[in-house]
Structure formats: structure tokens, C-alpha cells
Amino acid sequence: MRGDPSYTGQMAVDDEVVYFNVAGECPKGRVYDLGSLGRKKRRYADLGLSQSQPPPPPPPPPPHEQQQPPQINPADPPQQQDNGMLAPQGVVGGGAGDGAGPMAAIFRDSIVIPSLIVEEIAAPNWGAASIQLLESCIFAVVESKTGASFPTVLGVSRRLLGIGLRKKSVLGLKNIDVYAFGVYADEANIKNMLNEKYDKLSVSELKGNKQFYEDVIDNDISMTVRLQIVYGRLSIGSVRSAFEESIGSRLQKFGGADNKELLQRFTSMFKDEYKIPRGSVIELSREPKHVLRATIDGKEIGSIQSKLLCRSVLDLYIGEDPFDKRAKEDVEANLASLAR
């Protein structure tokens, strides 16, 4: 891709130092992502122009005439945010719905990088498209072991709270990384539903408050668990079987044994026709009125209204016995900050 005159712009990550430059117009309806980025490798991803789009602009001015982008120095002390948490270097946390930067949390075992979301533009107005590109610059958190990346904001105001890994034992001999996951919650919902009850508690007090996290799981707060497949040989049948085991045990835990029909309705959404190669994204979202909505690579595959099912899904990731305990700890800490 690099060196092709039909492409302009690039991002390089070199030993966790991020440089960003856009030279020319942005593409139409393109999603720019660095999901496979290695922690100690230097790679490039270009913004492409298709054959149906206008020709690329003339070459950029000589280096001495270009305005250099700000560089992020990992050795510099981290910035302090208003809420007392540390923000990644070179970025500023934004308010709900602005989509302009990562939340102020630090995610362990991860790298924070820019990620560009470019919306579909009907008219070939390339100047406006460039503005769209710059205004839509958000950030992504990259899980360092697998390279899976997660935007810090989903939709309007669902904020990333933590990322982790789902591992599976093979014949009791070794664990394989099946998928990386990110947990999101609607910032406005958390404040509206929980602030009045917990407004007198500090962030540190909320972190150790089990009732607070129980209320998060139990209330009608919009949340999403985003799964990114990292195991290249995973089949949809394996996903279905895994959900039968894990969610089935939670349904029995919270609702008793007579929930086979509900479990079957859920697992039947994952039909054999769906392919999930490495990099595929499955999202399980709790929508208003406790509706569980499932998507694969952005396509909705079904929805079920069930408070019990929503609770059972969330319990896998932020319950008493989660898939990744460190991810749960990050989620709890960031939930406490959002509620304040």
C-alpha cells in the first residue's frame, strides 16, 4: 500500500511514540484502524482514495515548510485531569458525546493511539470531507499482547471502561487467546441513575462499594461488551458452544434451572452462515428496557428483551468470577470515576 500514488497520509508508531500527519483529502466512508499494531514494531497504515474518487492532491511542501505535529514523549510526566486520574500523554479527555479524546483513565497492558472514524459523505465535497476527518479524530486503546484496538467511545457516549482477554484451555495443556474484549457504559446513564444515591461518596469509597457495582449490573444502564476475535481458527459453532456453557451457568445462577428456552433463543442468533475470521467484532449490548442486542461486524443478528439475560452476559466480564480479573478492576475504577 505504501508508495502507491493513490494513497495519502500515514500514521507511524515507533516504540510507543505516536506521530500523525494527514497530507491531502480524506477518503469516503473509510474506517482507519491499527488493530494489528505490534508494541515494539514500526508499521504504517495509509488513508486510501479509490479509483472512483478525485485524483490525489499534489505532493506536500518540502519538510522545512511543513508544520510538524506534536510528538508524545513517554518520558514526560503524565498530565493530571480534573477528576484526579492520569490521562495518557498528549491527549485531553472530553465530555460525554464530544468524541474528541480518550477518557482520563489509564488502561494497563495497553497503548493509546489516534484512530480516525470517517463518516459516509454523499456529495463529493472533498474540502468538507477533510474537516469531517479532523473533527472525527478519536483515540483507541490497544491491548498490548494481541494488538486488538478498542475505540475509547462507542456511539455518542458509551465510554471504554476496561479491556481484557478471554483465554481458553486446550486439553488442559495450554491457554490460547480467543478474543480481546472491551467493556463500555453510557456515561449519561451512570450519572443520571446512580449519582443521587452515591453523590456523597468519594471515588475511593465507591471503588470498594459492592452495592455500587451491583447497581450498575442490575439497573437499566446502556452497556456494550465488544469482542474482537484474535484466534484465527475460531468457528461460529465454537462461539455458540462457549456461550451455551458460560451464559448457561449464569442463567442458572441468577434464575434457576428452568431457562433452557431463553438460552436457546440467545445461542440460535449465532447461525452457521456467519463467518468470524481473526479481527471480526462481536458486540453484546444492553439497550434501554433491558434489551440484549447482538451484532457481528456491525450487522445486527438479533435482540432479546430479558433482564436476566443481560445480567448473565455482563456477569461474565464484571461479575464475581470474571474472565479477566484485571480488566474487571479497571472497569470498577473507571465506573467509580464516571459516577462522580
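Numbering-wise (the working numbering), the sequence shown opens with residue -19 and increments by one.
Yeah, the Cβ is synthetic: ideal placement off N, Cα and C, and Gly gets one too.
Quantities reported herein were computed from a predicted structural model and do not represent experimental measurements.
Does residue i pass the burial test, meaning 16 or more other C-beta atoms within 10 Å, or should it be called exposed?
i           : result
residue 293 : buried
residue 280 : exposed
residue 175 : exposed
residue 166 : buried
residue 248 : exposed
residue 27  : Note that residue 27 scores 32 on pLDDT, short of 50, meaning its location in the model is unreliable; the coordinates nonetheless yield the value given after this. Looking at its Cβ environment, which holds 16 or more other Cβ atoms inside 10 Å, residue 27 is buried.
residue 131 : buried
residue 190 : exposed
residue 150 : exposed
residue 265 : buried
residue 305 : exposed
residue 308 : buried
What is the DSSP secondary structure of residue i, counted as helix, strand or coil?
i           : result
residue 204 : strand
residue 284 : strand
residue 190 : helix
residue 199 : coil
residue 147 : strand
residue 317 : helix
residue 139 : strand
residue 222 : helix
residue 211 : coil
residue 303 : coil
residue 321 : Outside the shown range of the chain (-19 to 320) lies residue 321, about which nothing can therefore be said.
residue 256 : coil
residue 238 : coil
residue 275 : strand
residue 129 : strand
residue 119 : strand
residue 171 : helix
residue 246 : helix
residue 154 : strand
Report the rounded CA-to-CA distance for residue i versus residue j, giving the unit in angstroms.
i           : j           : result
residue 183 : residue 148 : 34 Å
residue 261 : residue 177 : 35 Å
residue 136 : residue 282 : 22 Å
residue 138 : residue 240 : 31 Å
residue 192 : residue 225 : 28 Å
residue 119 : residue 296 : 26 Å
residue 270 : residue 154 : 37 Å
residue 317 : residue 311 : 10 Å
residue 214 : residue 258 : 8 Å
residue 168 : residue 202 : 9 Å
residue 278 : residue 251 : 16 Å
residue 273 : residue 267 : 7 Å
residue 199 : residue 173 : 8 Å
residue 7   : residue 229 : At residue 7, the pLDDT of 35 sits below 50, so the modelled position is not reliable; the number obtained from the coordinates is stated separately. The alpha-carbon atoms of residue 7 and residue 229 are separated by roughly 46 Å.
residue 195 : residue 227 : 20 Å
residue 157 : residue 212 : 10 Å
residue 324 : residue 146 : Because the chain here runs from -19 to 320, residue 324 falls outside it and cannot be looked at.
residue 223 : residue 197 : 19 Å
Report yes if the C-beta distance between residue i and residue j is below 7 Å; otherwise report no.
i           : j           : result
residue 263 : residue 206 : yes
residue 128 : residue 208 : yes
residue 204 : residue 134 : yes
residue 322 : residue 126 : This structure cannot speak to residue 322, because the chain is shown only from -19 to 320.
residue 216 : residue 170 : no
residue 313 : residue 180 : no
residue 284 : residue 254 : no
Would you say the segment 158 to 169 touches the segment 133 to 150, given that touching needs at least three Cβ pairs under 8 Å?
Output reads yes: the segment 133 to 150 touches the segment 158 to 169.
Counting pairs of Cβ atoms below 8 Å between the segment 221 to 237 and the segment 284 to 298, do you hit three or more?
yes
Meets three-Cβ-pair contact criterion under 8 Å: the segment 296 to 312 and the segment 241 to 256:
no
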